[in-house]
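Colleague:
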Amino acid sequence: MARDFVTVVTGAPRSGTSLLMQLLRAGGIPALTDGARAPDAGNPRGYLEHRALLGLGRDPLAAKRVALASGRALKLVHVLAAALPAGPRYRVLLAERDLEAVVASQNVLLARAGAERPAGAGGLRFIRSCSAALPGEMMHQMEENGPRFFVPPNT
């Protein structure tokens, strides 16, 4: 089956984007990944990311990688979705998770890594949410085409 679009998996960190990428790969959609971030206790089956895509909006080579990713799935943190280049057709999967659960999951990840925290800090906590605006056409397509995926709040 030919796929003339790029599948974009996006959401906040720890919202289930790696799980969605694993499901797509298991379903036969190859992932655009560089393998630089190895599986660990936080994601034992891997993160399925491509480090170069962090340059979207600043690095023309990142945009070129996306433009050449037709038929594949790629993962972006939600704030980079607005930097997707014009041209390719996109199918966007937005992972949503309760933000308190996202923060709790991030705290578990930091604890596993032995990350240093400032004295008196109990870890991350949710204060408020903001996100980059997606282009109007992309928002319209997401609203029209659904579905949206929700990851249950557990670490």
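The opening position of the sequence shown corresponds to residue 2 in this note's numbering, with each subsequent residue numbered one higher.
Glycine is no exception: its CB is placed at the ideal position from the N, C-alpha and C atoms.
Using DSSP with H/G/I as helix, E/B as strand and the rest coil, what is G12?
Modeller: The answer is strand: DSSP assigns G12 an E or B state.
Colleague: By DSSP, does R46 sit in helix, in strand, or in coil?
Modeller: Three-state result, R46: coil.
Colleague: Compute the Euclidean distance between the alpha carbons of R59 and A3, then round it to the nearest angstrom.
Modeller: If you take the alpha carbons of R59 and A3, they lie about 30 Å apart.
Colleague: Pull up the distance between the alpha-carbon of L20 and that of A83, whole angstroms please.
Modeller: For L20 and A83, the distance between alpha carbons rounds to 22 Å.
Colleague: Start and end of the alpha helix (DSSP H) containing L94?
Modeller: No alpha helix (DSSP H) contains L94, which is instead part of the beta strand (DSSP E) from Y91 to E97.
Colleague: Roughly how far, in whole angstroms, is the beta-carbon of L85 from the beta-carbon of V67, given that I think they are within contact range, below 8 Å?
Modeller: About 6 Å separates the two Cβ atoms, so the contact holds.
Colleague: Can you name the start and end residues of the beta strand (DSSP E) that V78 belongs to?
Modeller: A74 to V78 is the extent of the beta strand (DSSP E) around V78.
Colleague: Would you kindly check if the distance between the Cβ of V93 and the Cβ of T1 is under 9 Å?
Modeller: Because the chain here runs from 2 to 156, residue 1 falls outside it and cannot be looked at.
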